[in-house]
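Protein chains: 2
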Amino acid sequence: MSVPGAASFTVTALRLEGEVRPGDRLARLLLAAADDAGTGLRTGDCLVVTQKVVSKAEGRLVPVGDDPGARRRLAEKEARRVLRRRGDLLITETRHGWVCANSGVDLSNVEAGRAALLPVDPDRSARRIHDELRAVAGVTVAVVISDTFGRPWRRGLVDVAIGVCGLHALVDLRGRRDHHGRPLEVTEVAVADEIAAAAELVMGKDRRCPAAVVRGLDPAWLGEGRAADLVRPPTEDLFR
Amino acid sequence: MSVPGAASFTVTALRLEGEVRPGDRLARLLLAAADDAGTGLRTGDCLVVTQKVVSKAEGRLVPVGDDPGARRRLAEKEARRVLRRRGDLLITETRHGWVCANSGVDLSNVEAGRAALLPVDPDRSARRIHDELRAVAGVTVAVVISDTFGRPWRRGLVDVAIGVCGLHALVDLRGRRDHHGRPLEVTEVAVADEIAAAAELVMGKDRRCPAAVVRGLDPAWLGEGRAADLVRPPTEDLFR
């Protein structure tokens with residue numbers, strides 16, 4: 524729809540019909556879904572996958588029965604540190620360094636009586652999908668694993684990146700200048716988080732679309748990167 | 524690129540060649556830019572505009588000379604409350620309720636010796652652009668005014684919405700169910716923030732692209748809304 528040279532990208536939802544099961548080859552399911560959506564997957568694309576299906580494929584499901592305290596106990600077990608408590612809600616720092624509600628232990632879109640835990644190492648999960656896409660389809664696709672987090676000061680939730688492969692999670696603008704020639708004050712942009720947020724807009728929480736293809740991103744952002752780079756060290760953090 | 528029915532949207536950068544000046548009719552400049560980009564603006568689109576050009580058009584520029592303390596003093600003056608200080612960096616709550624660095628007082632992409640302040644009422648600024656687009660071009664376009672904010676716990680900056688018109692800033696999923704029939708735990712999604720983040724991916728800080736057209740969003744999100752809805756009341760906030 525745009526003239527050549529106009530920066531532009533497209534985000535398309537991918538639909539999975541069946542329930543993802545432990546041991547499923549997610550890369551193959553997503554390739555088929557991308558074909559069904561009419562986009563396919565091409566080198567240079569970025570594939571965003573929600574944490575929930577990654578956790579399911581990796582078997583990160585645990586029984587909680589109908590015990591209302593079970594999730595809180597799981598959240599405590601998954602936490603490195605509990606930052607705040609309000610009733611049954613815990614804000615925790617996970618072993619990965621993410622600060623989120625209930626250590627990311629989640630009951631939505633999971634079979635009754637079970638909870639989904641975050642992947643053990645979401646950057647490794649992203650790499651596994653990235654490598655399998657290359658092996659199966661011969662494409663080099665950046666992969667972002669997303670999750671839905673709250674944040675202080677602002678209402679509403681947004682998707683962020685918790686796993687990354689083939690993409691710089693942070694793009695450093697230091698040393699670049701604005702159009703008045705003044706050094707830029709904004710130095711590091713969390714592009715992986717912005718990509719996760721963009722993808723959420725098509726994924727919807729109640730539809731069977733746990734992934735999206737983002738096509739047309741700046742190729743300069745592709746390369747080595749990991750979501751762990753997005754963890755702000757507690758010593759740098761003014762709010763911990 | 525996708526089959527009918529596949530949820531999909533496109534984000535295209537709009538380029539402004541000249542410097543925006545106080546009194547400029549931003550809606551007209553952006554309409555022309557959308558024509559130049561080959562997209563135009565259509566009813567149902569969402570136009571994202573960075574705060575910087577809105578502030579310039581509204582004359583929210585103040586002289587700071589080369590006094591390094593001038594910005595800090597301006598930031599204090601624009602703040603309702605200072606939450607943290609580290610050297611010359613202040614984290615403040617602005618009169619609008621936004622928590623950000625230096626009350627949003629910004630020196631990048633502004634002529635030397637001047638600083639840009641946030642618009643007095645960014646929701647009203649969004650409404651002005653929305654209304655002028657309707658009057659001039661007969662289109663009903665959602666408008667998001669974006670700014671680049673840091674956040675605790677995560678490195679890097681992301682764009683968020685500080686002004687909204689014609690769009691629900693928050694989409695409430697309460698009462699909806701996941702595909703297992705379980706009530707959704709995720710209740711409110713900050714779609715205006717996710718749209719601002721998506722737009723940042725094409726705008727780049729060092730190019731002359733202070734706006735983007737987002738085409739293909741869920742029409743159910745269009746309607747009355749304001750960015751002020753995104754301000755989390757301090758009493759609800761566990762981190763203030």
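Chains A and B, in that order, are what the protein sequence lines are.
For any residue, its number in this note's numbering is found by taking its place in the first sequence, counting from 1, and adding 523.
For any residue, its number in this note's numbering is found by taking its place in the second sequence, counting from 1, and adding 523.
All C-beta atoms, glycine included, are put in the ideal place defined by N, C-alpha and C.
Proximity below 8 angstroms, CB of residue i to CB of residue j
| i | j | result |
| --- | --- | --- |
| Val585 (chain A) | Val667 (chain A) | no |
| Ala675 (chain B) | Asp760 (chain A) | Note that residue 675 (chain B) is Pro in the sequence shown here, rather than Ala. Closer than 8 angstroms, so yes. |
| Val683 (chain B) | Arg637 (chain B) | no |
| Leu753 (chain A) | Ala720 (chain A) | no |
| Ala658 (chain A) | Gly686 (chain A) | no |
| Thr573 (chain B) | Thr535 (chain B) | no |
| Phe762 (chain B) | Phe762 (chain A) | yes |
| Thr734 (chain B) | Leu553 (chain B) | Residue 734 (chain B) is actually Ala in this sequence, not Thr. Cβ atoms of Ala734 (chain B) and Leu553 (chain B): closer than 8 angstroms. |
| Leu724 (chain A) | Glu717 (chain B) | yes |
| Pro625 (chain A) | Lys575 (chain A) | Sequence check: residue 625 (chain A) is Asn here, not Pro. Not a contact, by the Cβ cut-off of 8 angstroms. |
| Leu539 (chain A) | Arg731 (chain A) | yes |
| Val736 (chain A) | Ala530 (chain A) | no |
| His653 (chain A) | Cys623 (chain A) | no |
Run of the alpha helix (DSSP H) containing residue i, from where it starts to where it stops
| i | result |
| --- | --- |
| Glu601 (chain A) | Ala593 to Glu601 |
| Ala557 (chain A) | Leu549 to Asp559 |
| Leu680 (chain A) | Per DSSP, Leu680 (chain A) belongs to no alpha helix (DSSP H) and is neither H nor E. |
| Ala721 (chain B) | Val714 to Met726 |
| Val662 (chain B) | Careful: Val662 (chain B) lies outside any alpha helix (DSSP H) and carries neither H nor E. |
| Ala624 (chain A) | Per DSSP, Ala624 (chain A) belongs to no alpha helix (DSSP H); it is in the beta strand (DSSP E), Val622 to Ala624. |
| Val576 (chain B) | Gln574 to Ala580 |
Buried versus exposed, by CB contacts within 10 Å (16 or more), residue i
| i | result |
| --- | --- |
| Ser525 (chain A) | In this prediction, Ser525 (chain A) scores a pLDDT of 44, lower than 50, which makes its location untrustworthy; the coordinate-derived value is nonetheless stated afterwards. With 16 or more other Cβ atoms within 10 Å, it is buried. |
| Leu549 (chain A) | buried |
| Glu634 (chain B) | exposed |
| Gly704 (chain B) | exposed |
| Arg594 (chain A) | buried |
| Gly627 (chain A) | buried |
| Lys600 (chain B) | exposed |
| Pro645 (chain A) | buried |
| Pro642 (chain B) | buried |
| Gly592 (chain B) | exposed |
| Asp670 (chain A) | buried |
| Arg699 (chain B) | exposed |
| Arg738 (chain B) | buried |
| Ala750 (chain A) | buried |
| Arg651 (chain A) | buried |
| Ala555 (chain B) | exposed |
Same chain, Cβ closer than 6 angstroms to residue i, neighbours up to 5 away in sequence not counted
| i | result |
| --- | --- |
| Leu740 (chain B) | Phe532 and Cys569 |
| Val605 (chain A) | Leu613 and Thr615 |
| Pro545 (chain A) | Gly582 |
| Asp629 (chain B) | Ala639 |
Beta bridge counterpart(s) of residue i as assigned by DSSP
| i | result |
| --- | --- |
| Thr617 (chain A) | A:Ala602 |
| Asp646 (chain B) | Bridge partners of Asp646 (chain B): none, in fact. |
| Arg699 (chain A) | DSSP output for Arg699 (chain A) lists no bridge partner at all. |
| Pro586 (chain B) | B:Arg637 |
| Leu570 (chain A) | A:Val666 and A:Val736 |
| Arg651 (chain B) | Bridge partners of Arg651 (chain B): none, in fact. |
| Arg544 (chain A) | Arg544 (chain A) is not bridged to any residue. |
| Arg608 (chain B) | B:Leu613 |
| Leu745 (chain A) | A:Leu690 |
| Glu521 (chain B) | Since the displayed chain B opens at 524 and closes at 763, residue 521 (chain B) lies outside it and no answer follows. |
Continuous beta strand (DSSP E) stretch holding residue i: start and end
| i | result |
| --- | --- |
| Ser531 (chain A) | Ser531 to Leu537 |
| Arg738 (chain A) | Ala734 to Arg738 |
| Arg637 (chain A) | Arg637 to Ala639 |
| Ala750 (chain B) | Element bounds for Ala750 (chain B): n/a, residue is neither H nor E. |
| Ala665 (chain B) | Ala665 to Phe672 |
Contacting residues, own chain, Cβ-Cβ under 7 angstroms from residue i (five flanking each side not counted)
| i | result |
| --- | --- |
| Leu690 (chain B) | Cys569, Ala665, Val667, Ala715, Trp744, Leu745 and Gly748 |
| Arg603 (chain A) | Glu616, Thr617 and Arg618 |
| Asp547 (chain A) | Ala580 |
Beta-carbon contacts of residue i that lie in its chain and below 8 angstroms, excluding the five residues immediately before and after
| i | result |
| --- | --- |
| Glu711 (chain A) | Leu693, Val694, Asp695, Leu696 and Arg697 |
| Arg755 (chain A) | none |
| Thr566 (chain A) | Val662, Thr663 and Val664 |
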